[in-house]
Amino acid sequence: MRLIDELEWRGLVHQVTADELGDRLEAGPITLYIGFDPTGPSLHVGHLVPIVLLRHFQRRGHRVIALTGGGTGLIGDPSGKSAERNLLDRAQVDANAQRIGGQLLRLLVDPGNPPLHADNIEWLEPMGLLEFLRDVGKHFAVNAMIAKDSVRLRLEREGEGISFTEFSYALLQARDFLELHRRYDCILQCGASDQWGNIVGGTDLIRRVAGGRAFGLTVPLLTDAEGNKFGKTEGGTSCFLDPAMTSPYKFYQFWINADDADVVRLLKLFTFLERERIDELAATVGSPAREAQKALALAVTAFVHGAEEADKAVKASEVLFGGDLEGVPVATLREIFADVPSISVAAERLNGTGASLVELLVEVGACPSKSDARRQLGQGAIRLNGQPVAPGTAGADPTVTRADFLDQSVLVIRRGKRNTFLVKLEG
1 MRLIDELEWR
11 GLVHQVTADE
21 LGDRLEAGPI
31 TLYIGFDPTG
41 PSLHVGHLVP
51 IVLLRHFQRR
61 GHRVIALTGG
71 GTGLIGDPSG
81 KSAERNLLDR
91 AQVDANAQRI
101 GGQLLRLLVD
111 PGNPPLHADN
121 IEWLEPMGLL
131 EFLRDVGKHF
141 AVNAMIAKDS
151 VRLRLEREGE
161 GISFTEFSYA
171 LLQARDFLEL
181 HRRYDCILQC
191 GASDQWGNIV
201 GGTDLIRRVA
211 GGRAFGLTVP
221 LLTDAEGNKF
231 GKTEGGTSCF
241 LDPAMTSPYK
251 FYQFWINADD
261 ADVVRLLKLF
271 TFLERERIDE
281 LAATVGSPAR
291 EAQKALALAV
301 TAFVHGAEEA
311 DKAVKASEVL
321 FGGDLEGVPV
331 ATLREIFADV
341 PSISVAAERL
351 NGTGASLVEL
361 LVEVGACPSK
371 SDARRQLGQG
381 AIRLNGQPVA
391 PGTAGADPTV
401 TRADFLDQSV
411 LVIRRGKRNT
421 FLVKLEG
């Protein structure tokens, strides 16, 4: 299958500037780029579509450039924005650019075909105003720029408008394409569908200034089956690629909770699974085993966080439904059971012979009364950290001590197979 045909099958192509791009990609390696503005300290799952797109090109032998917008990030892209964004200060943009640049290089690592990385602050910052107006601005007609959706919609919105700062963003992006064309013979820019006008501006600038032929390709803006913007967790926050902002466990849960109506499309977009395997998984959609969702979650988590972290996330997910707790970090257990009934117990309460398990079962809500707690213990229905509870000595109630708490921090109580409770040790 030609690369362009595979990308179209996967849903990664929205528009191309010229139909002959497909043939050009088969004729030999090219250099292409995608830009990422450092508007935050981490990329999120919405950025994974262009990153996966770059990996597809990389795997076919093409040279990819991950461009960090340290310069354009100081300006702000009006695309997709209904109002003027607040400008970030230079220190924040620099810090974000450094972190995002590191993320891009890690995700695009390929010993046989390593990515290039650049930051447009390198050439945009030294450029003077007169140079910008003469060498870039004169090649753009204002009437054409006003007709762009990102500008027109803002102008039509009463009381909003658009500043000259954001209005000039498209010219800066075109200048990036020209610079990369000169430096690396870059002939293709890719981006989200709302970047179409900016990308076309870059191809035109290369033709006018350098006399070269360049192409553009956009990917669709991603929404879920209900038309909502993709990438938000159940709590309404973004799902980030930085493990310090979204843990690998929560990242895995984001994908495993994919709706049946979305999962096949997401398998095509976000994984490198072969067509035959995706067809096999498509046939399982709707089954209780959720095999398609599990394959999606495992593949994407391994891509972003590595195979080891993905395996830990799988184990942690199994723990939620009664699996073995051994080897699962306490911090992850707290995440897994964040929404289950819990209580905090002062460490002093465990001094001496320890605290009564019967009392803890009632306090945490596992049993309605002490008599029921004793009955459940007698029937072997209570497990602590996955292990059955031994009966008390000479008919006495069992007790728990610091040693019973995982890492002297948490105690996972299960009543039956599905009812889980957490006791947290404080102090």
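This note's numbering puts the sequence shown at residues 1 to 427. For glycine and all other residues, C-beta sits at the position ideal for the given N, C-alpha and C. The structure presented is a predicted model; accordingly, all values stated were derived computationally and were not measured.
- Rounded to the nearest angstrom, the Cβ distance from I51 to L107 is 5 Å, consistent with a contact under 8 Å.
- Judged by DSSP in its simplified three-state form, E426 adopts strand.
- Around the C-beta of N228, fewer than 16 other C-beta atoms lie within 10 Å, and the residue is accordingly described as exposed.
- Ranked by Cα distance from L104, the first of I75, Q92, R85, T68 is T68.
- In this structure I413 is not in contact with S317, their Cβ atoms being roughly 20 Å apart against a cut-off of 8 Å.
- Within the stretch 357–423, the complete alpha helix (DSSP H) segments at least 4 residues long are 357–364, 370–378, listed from N- to C-terminus.
- DSSP places T68 inside the beta strand (DSSP E), whose first and last residues are 63–68.
- With a minimum length of 4 residues, the unbroken runs of alpha helix (DSSP H) contained wholly in the stretch 128–170 fall at 129–135, 142–146, 149–156, 164–167.
- As the crow flies, the alpha-carbon of G378 is around 34 Å from that of K312.
- For I278, the enclosing alpha helix (DSSP H) covers residues 275–282.
- Residue pairing by DSSP places H56 opposite no residue, since no beta bridge is assigned to it.
- In the DSSP assignment, S342 falls within the beta strand (DSSP E) that extends over 342–346.
- Between F132 and the set F57, G11, L172, the nearest pair of CA atoms involves L172.
- Look at G28 here: in three-state DSSP terms it is coil, with no helix or strand label.
- Shown here for I162: same chain residues with a beta carbon closer than 8 Å to its own, the five before and five after excluded, namely P78, E84, V151, R154, L155 in chain order.
- The C-beta distance from T17 to I65 rounds to 18 Å, too long to meet the 8 Å contact threshold.
- Comparing alpha-carbon positions, the option among W123, R55, D339 lying closest to D110 turns out to be R55.
- The three-state secondary structure of D19, taken from DSSP, is coil.
- The three-state secondary structure of D119, taken from DSSP, is strand.
- Burial check for L130: the Cβ neighbour count within 10 Å stays below 16, so the residue is exposed.
- Residue state for F215 is assigned as strand, using DSSP reduced to three classes.
- Bridge pairing for I4: absent [DSSP].
- Contact check for L241 against S42 passes: the beta carbons are separated by less than 7 Å.
- The C-alpha of D135 is placed about 27 Å away from the C-alpha of T39.
- Using a Cβ distance threshold of 7 Å, L48 and L25 do not count as a contacting pair.
- Here the alpha carbons of F230 and D339 stand approximately 24 Å from one another.
- Contact between V328 and V314 fails: their C-beta atoms lie close to 11 Å from each other, not under 8 Å.
- By the 16-neighbour rule on beta-carbons within 10 angstroms, A141 is exposed.
- One thing to note: D119 has its Cβ within 7 Å of the Cβ of A97.
- In this model, L298 and L180 are separated by some 35 Å (Cα to Cα).
- Listed in chain order, the non-local C-beta contacts of E308 below 7 Å within the same chain number zero, local neighbours out to five positions each way being set aside.
- If you look at L267, you'll find it in the alpha helix (DSSP H) that goes 260–270.
- In this chain, Q189 is not harboured by any alpha helix (DSSP H); it is covered by the beta strand (DSSP E) spanning 186–192.
- Straight-line spacing of the CA atoms in A396 and Q376 works out to 15 Å.
- Taking 7 Å as the cut-off, the Cβ atoms of Y249 and T301 do not count as close.
- A straight-line Cα-Cα distance of about 43 Å links L53 and L406.
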